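Undergrad: Which chain is which? The protein sequence lines are A and B, in order. Going by the numbering used here, the first sequence wraps up at 785, each residue one higher than the last. Going by the numbering used here, the second sequence wraps up at 69, each residue one higher than the last. Beta carbons are placed, not taken as given, at the ideal position from N, Cα and C, and that holds for glycine. Small disclaimer: the values here were computed from a predicted structure and weren't measured.
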Amino acid sequence: MEVENFSYDNKIVKQFAFATILWGLVGMLVGLWVALQFVYPWLNVIPQTTFGRLRPLHTNAVIFAFVGNGIFMGVYYSLQRLCKARMFNDTLSKIHFWGWQLIIVAAALTLPFGITSGKEYAELEWPIDIAIAIVWLVFGWNMFGTILKRRERHLYVGIWFYIATFVTVTLLHVVNSIELPVSLFKSYPVYAGVQDALVQWWYGHNAVAFFLTTPYLGLMYYFIPKAAERPVYSYRLSIIHFWALIFLYIWAGPHHLLYTALPDWAQSLGVVFSFMLIAPSWGGMINGLLTLRGAWDKVREDVVLKFMVVAITAYGMATFEGPMLSLKKINAVAHFTDWIVAHVHVGALGWNGFLTFGILYWLIPRIYRTPLYSKKLANVHFWLGSLGILFYAVPLYWAGFTQYLMWQEFTAEGFLKYPNFLETVTQLMPMYAMRAIGGVLYLSGFIIMAYNIIKTVKAGSLLENEAAQAAPLSNEEDGHKGEHWHRWIERRPVQLMLLSLVVVIIGGAVEMIPTFMIKSNIPTIASVKPYTPLELQGRDIYVREGCYTCHSQMVRPLRFDTERYGEYSKAGEFVYDHPFQWGSKRTGPDLARVGGKYPHSWHYNHMLDPTSMSPGSIMPQYAFLLDDALDTTTTAVKIRAMQTLGVPYPEGYDKIANKELMKQANEITESLKKDGVETANDREIIAVIAYLQRLGHDIKASHNTTNK
Amino acid sequence: MEALFVLIVASVIVAVGFLIAFIWNVKDGQYDDDYTPSVRILFDDEVIKEKKTKTPDSIKQTITNQ
């Protein structure tokens, strides 16, 4: 057969590699900044740099910008070689690259300004959501085009992981981003309360699974054998690893919602599948590590392999910890504490970070046709990074445990030993400081890598189009009898994609459809009423400021939770919450029952300066809420949007909404005046106070009526 | 509205059938070649290498000589 000559596109690989380094630097700098805010709250300086706004910027930058570009770098390099074909279309590659970078810039320009949908790890607003969907589909188009014109019949296991990534992320992103726009920069999710929580964490957990894990496993199966110059330990195991993993992962989401108002059966389902995940995860980890069998002497010498070994080890630790954390008893300890933060950073810094670094050190010298500038600096990076991970994770594990132990401690008389939540925060200050030191170490290693790579790039010259040759695939279908499934499937990427989609849809549908359909899952509580216009505006400010990044709104049915905050949360309380604001971390106390706990003036002064009401508080100051005027032009359209979503405001309510709003605002202003606080009635703080005072109010009202 | 849910449930059942068929395939099928691909990926650069003046091997050489 005639051999064809073609070339691999290295330029696009280079572009994604540089973007990975650039955005990694930005994301980690923001991460360090927010870590320091725990120790020095004055770093919250201006509204745009408050923790609640920067934390989503950090997570989005690190996940979608740093790891995202890392995925594309690795996929564009390996896919071409595995398929023995150039990328399908250079223009699509370009659109993909620049489109993705524009999305990242858009994120950086919106999140600090409070433009957010308030759903964790999916904070970007609807116009950006649409852009993400389009650019992602361009990536998929380019990938499948390449697969279809490949010159190698067998689809290597890595490609399977890429395909599953593409298919599942498409599905997750679309389902979770179904939202109703009220303006260019504001939308409400169509789901409310418990349903929103289920969809969100179905998405959230699978973002971990299919954005941070499966693509990187694909990269692991390509780059580790390449770097070690030996085949993967067991190819058969890798096939089992793939199918088992994608089948189990999609069901695990509810483990983020244990002890919450999510129906019990959904929680248990999440636990069972989360626990089973340990098998494929560890199968994959062992497969990666054993690839180095008989080559451990190379690990001593080769810095690329060092990074990769630590990455796989971190993957192993995080995927052992994950199933453990999904057990209810352990989750009761870890949930809402810094343990979770430590857990995700072992994954992010260790698994994603170190694998990315290993690939960069391996790949840049190859496409630039020159040796790495300095092996010594790369080794320094390795040790700084490893120490950084330890200094980051260990103090936070300690902090998580400490905080739990303090939360749940009762005196002999049966009272909370630490009734003041703040005590359980100030206790953690040394750990927070150590965590920031860990961040500095990790980041300095990263900067050294950037320098090392710039030097390498300057010394070499990019081989933009790498010549290659291979024979085209024959057209004849050699579907002889007795051929097994694996042969059949690997020759048909479209079927493979459909099959992956089918597998993940089952997982998602089985969990979600019943919750939507069975009304008994969400008991309606008669006393729960829609938010007043002022409260709705206040709630949107709460979302805008990212209060959920530090405050939960979910009292679990655990004695130490109910003693501290009040009656446990019911599903029926959240039916008007678009989006739900249960949160996932308690740096501050839970707010589900805060309504009526303090007078209006307390909230006013607390927002002005939290330390005035709670000495030692690390909450940012929100003085700007006291100065900024509330935008009431949006009230009517927001009410109409809520009506569309099924919130039972009376017909024509949007027309009188602002009148109602002003009435309530005047009441609060009057009440503040009595306590000696003079303020105009049109400030944002009035709406925030109205919302905070409403939290938990309805459930208390229902008790008053039943007790009478 | 209910029809939509019925459709979804139906598609789920079809999907489960797909899955069962797939698992049956896994159990019934033979892995007649579950080794070669893992080795092949290591060599796909070799073809190109012979054409290059500066080969990946020579790069490695320079790296180790550093």
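For chain B, find out if any of its Cβ atoms is closer than 7 Å to the Cβ of tyrosine 312(A); answer yes or no.
TA: Your numbering for residue 312(A) matches position 235 in the first sequence. Judged by the 7 Å Cβ criterion, tyrosine 312(A) is in contact with chain B.
Undergrad: For leucine 426(A) and arginine 227(A), I'd like the C-alpha separation in whole angstroms.
TA: Numbered from its first residue, the first sequence carries residue 426(A) at position 349. Numbered from its first residue, the first sequence carries residue 227(A) at position 150. Those two C-alpha atoms are separated by around 34 Å.
Undergrad: Using the beta-carbon count (16 or more within 10 Å), is threonine 710(A) buried or exposed?
TA: Here residue 710(A) is taken as the residue at index 633 of the first sequence, counted from 1. So threonine 710(A) counts as exposed.
Undergrad: Based on the DSSP secondary-structure assignment, which residues constitute the bridge partners of serine 787(A)?
TA: Missing from the structure shown is residue 787(A); chain A here goes from 78 to 785 and no further.
Undergrad: How many angstroms separate the CA atom of arginine 43(B) from the CA atom of glutamate 202(A)?
TA: Counting from 1 along the second sequence, the entry for residue 43(B) is found at position 40. Counting from 1 along the first sequence, the entry for residue 202(A) is found at position 125. One C-alpha to the other measures close to 45 Å.
Undergrad: Ordered along the chain, which non-local residues of its own chain (more than five positions away) have a Cβ less than 6 Å from that of phenylalanine 637(A)?
TA: Here residue 637(A) refers to the residue found at position 560 of the first sequence. Trp484, Gln485, listed in sequence order.
Undergrad: Quick check on serine 629(A): buried or exposed, where buried means 16 or more other Cβ atoms within 10 Å of its Cβ?
TA: Translated into the one-based positions of the first sequence, residue 629(A) becomes position 552. The residue in question, serine 629(A), is buried, as its Cβ has 16 or more Cβ neighbours within 10 Å.
Undergrad: Alanine 706(A) by DSSP, collapsed to three states: which one?
TA: As a first step, residue 706(A) is located in the first sequence; it is residue number 629 there, counting from the start. Looking at alanine 706(A) - three-state DSSP - the assignment turns out to be strand.
Undergrad: Taking Cβ to Cβ, would you say histidine 135(A) is nearer than 7 Å to glycine 176(A)?
TA: Indexing the first sequence from 1 puts residue 135(A) at position 58. Indexing the first sequence from 1 puts residue 176(A) at position 99. The answer is no: Cβ separation not under 7 Å.
Undergrad: If contact means a Cβ-Cβ distance below 8 Å, which residues of the region 285-307 of chain A contact chain B?
TA: Within the region 285-307 of chain A, the residues whose Cβ lies closer than 8 Å to some Cβ of chain B are Tyr299, Pro302, Lys303, Glu306, Arg307, listed in chain order.
Undergrad: Quick check: is the beta carbon of valine 309(A) nearer than 7 Å to any beta carbon in chain B?
TA: Against the first sequence, residue 309(A) aligns to sequence position 232. Yes, valine 309(A) counts as interfacial toward chain B.
Undergrad: Which first and last residues belong to the alpha helix (DSSP H) in which asparagine 82(A) is found?
TA: Residue 82(A) sits at position 5 when you count from the first residue of the first sequence. Run containing asparagine 82(A): none in the alpha helix (DSSP H); it sits in the beta strand (DSSP E), 81-86.
Undergrad: I think serine 538(A) touches arginine 446(A), with their Cβ atoms under 8 Å apart; what is that distance to the nearest whole Å?
TA: As a working note, residue 538(A) is residue 461 in the first sequence. As a working note, residue 446(A) is residue 369 in the first sequence. Yes, serine 538(A) and arginine 446(A) are in contact; Cβ-Cβ is about 7 Å, under 8 Å.
Undergrad: Could you tell me whether any Cβ in chain B is nearer than 7 Å to the Cβ of histidine 231(A)?
TA: Along the first sequence, one-based indexing puts residue 231(A) at 154. So, interface residue.
Undergrad: Looking only at its own chain, which residues have a Cβ that is under 8 Å from the Cβ of alanine 778(A), when we skip the five neighbours before and after it?
TA: Here residue 778(A) is taken as the residue at index 701 of the first sequence, counted from 1. These residues qualify, in order along the chain: Ser604.
Undergrad: When DSSP labels each residue in this structure, what does tyrosine 268(A) get in the three-state scheme?
TA: Against the first sequence, residue 268(A) aligns to sequence position 191. Three-state result, tyrosine 268(A): coil.
Undergrad: Let me check understanding here. Comparing Cα to Cα, which of Gly753(A), Leu454(A), Trp475(A) lies closest to alanine 527(A)?
TA: Within the first sequence, the letter at position 450 stands for residue 527(A). The shortest C-alpha separation from alanine 527(A) is found at Leu454(A).
Undergrad: List, from N- to C-terminal side, the alpha helix (DSSP H) runs of 4 residues or more that fit wholly inside the region 150-220 of chain A.
TA: The region 150-220 of chain A contains these whole alpha helix (DSSP H) runs: 167-187.
Undergrad: Can you tell which of Gly673(A), Leu325(A), Gln277(A), Leu232(A) has the C-alpha that lies nearest to the C-alpha of valine 251(A)?
TA: Position 174 of the first sequence, counting from 1, holds the residue named residue 251(A). Cα-wise, what sits closest to valine 251(A) is Gln277(A).
Undergrad: Which residues, in chain order, does the region 329-354 of chain A contribute to contact with chain B at a C-beta distance below 8 Å?
TA: Cβ contacts with chain B: none found.
Undergrad: Pick from Asn87(A), Tyr392(A), Val652(A), Pro292(A): whose alpha carbon is nearest that of valine 144(A)?
TA: Here residue 144(A) corresponds to residue number 67 of the first sequence, with the count starting at 1. Residue Pro292(A) is the option with its Cα nearest to valine 144(A).
Undergrad: At the level of alpha carbons, what is the spacing between arginine 50(A) and serine 194(A)?
TA: Residue 50(A) lies beyond the residue range present for chain A, which begins at 78 and ends at 785; the question has no answer from this structure.
Undergrad: Which value, in whole angstroms, describes the spacing of the CA atoms of methionine 508(A) and alanine 476(A)?
TA: Working through the first sequence from its first residue, we reach residue 508(A) at position 431. Working through the first sequence from its first residue, we reach residue 476(A) at position 399. About 6 Å.
Undergrad: Can you check DSSP and say which residues form a bridge with serine 260(A)?
TA: Translated into the one-based positions of the first sequence, residue 260(A) becomes position 183. Note: serine 260(A) sits in a beta bridge opposite Lys263(A).
Undergrad: Given this structure, state the Cα-to-Cα distance separating histidine 683(A) from glycine 365(A), to the nearest angstrom.
TA: Within the first sequence, numbered from 1, the residue matching residue 683(A) stands at position 606. Within the first sequence, numbered from 1, the residue matching residue 365(A) stands at position 288. Answer to the nearest angstrom: the Cα atoms are 52 Å apart.
Undergrad: With a CB to CB cut of under 6 Å and the five nearest residues on each side skipped, what residues in its chain are close to glutamate 622(A)?
TA: Here residue 622(A) corresponds to residue number 545 of the first sequence, with the count starting at 1. Here the set comprises Gly129.
Undergrad: Roughly how many whole angstroms lie between the Cα atoms of arginine 307(A) and valine 517(A)?
TA: One-based indexing of the first sequence puts residue 307(A) at position 230. One-based indexing of the first sequence puts residue 517(A) at position 440. Their backbone Cα atoms lie some 36 Å apart in a straight line.
Undergrad: Determine the contact status of serine 577(A) and valine 244(A), defining contact as a CB-CB distance below 7 Å.
TA: One-based indexing of the first sequence puts residue 577(A) at position 500. One-based indexing of the first sequence puts residue 244(A) at position 167. In this structure, valine 244(A) lies closer than 7 Å to serine 577(A) by Cβ.
Undergrad: Report the rounded CA-to-CA distance for alanine 764(A) versus leucine 461(A), giving the unit in angstroms.
TA: The residue given as residue 764(A) occupies position 687 in the first sequence. The residue given as residue 461(A) occupies position 384 in the first sequence. So the alpha carbons of these two residues sit roughly 47 Å apart.
Undergrad: For proline 400(A), which option in Val348(A), Gln178(A), Ile181(A) has the closest C-alpha, if you only look at C-alpha atoms?
TA: Within the first sequence, the letter at position 323 stands for residue 400(A). Checking every option, the nearest Cα to that of proline 400(A) belongs to Val348(A).
Undergrad: According to the Cβ coordinates, are asparagine 219(A) and methionine 150(A) closer than 7 Å?
TA: By one-based count along the first sequence, residue 219(A) stands at place 142. By one-based count along the first sequence, residue 150(A) stands at place 73. Result no, Cβ atoms of asparagine 219(A) and methionine 150(A) do not sit closer than 7 Å.
Undergrad: Any idea what DSSP makes of arginine 760(A), helix, strand or coil?
TA: For the purposes of this step, residue 760(A) is identified with residue 683 of the first sequence, where counting begins at 1. Reduced to three states, the DSSP call for arginine 760(A) is strand.
Undergrad: Within its chain, find whatever has a CB closer than 8 Å to the CB of isoleucine 407(A); leave out the 5 residues flanking it on each side and keep chain order.
TA: Walking along the first sequence from the start, residue 407(A) turns up at place 330. If we look at isoleucine 407(A) and ignore the five residues flanking it on each side, its Cβ neighbours are Met401.
Undergrad: So for glutamine 546(A), helix, strand or coil by DSSP?
TA: As a working mapping, residue 546(A) is identified with position 469 in the first sequence. Three-state DSSP puts glutamine 546(A) in a strand.
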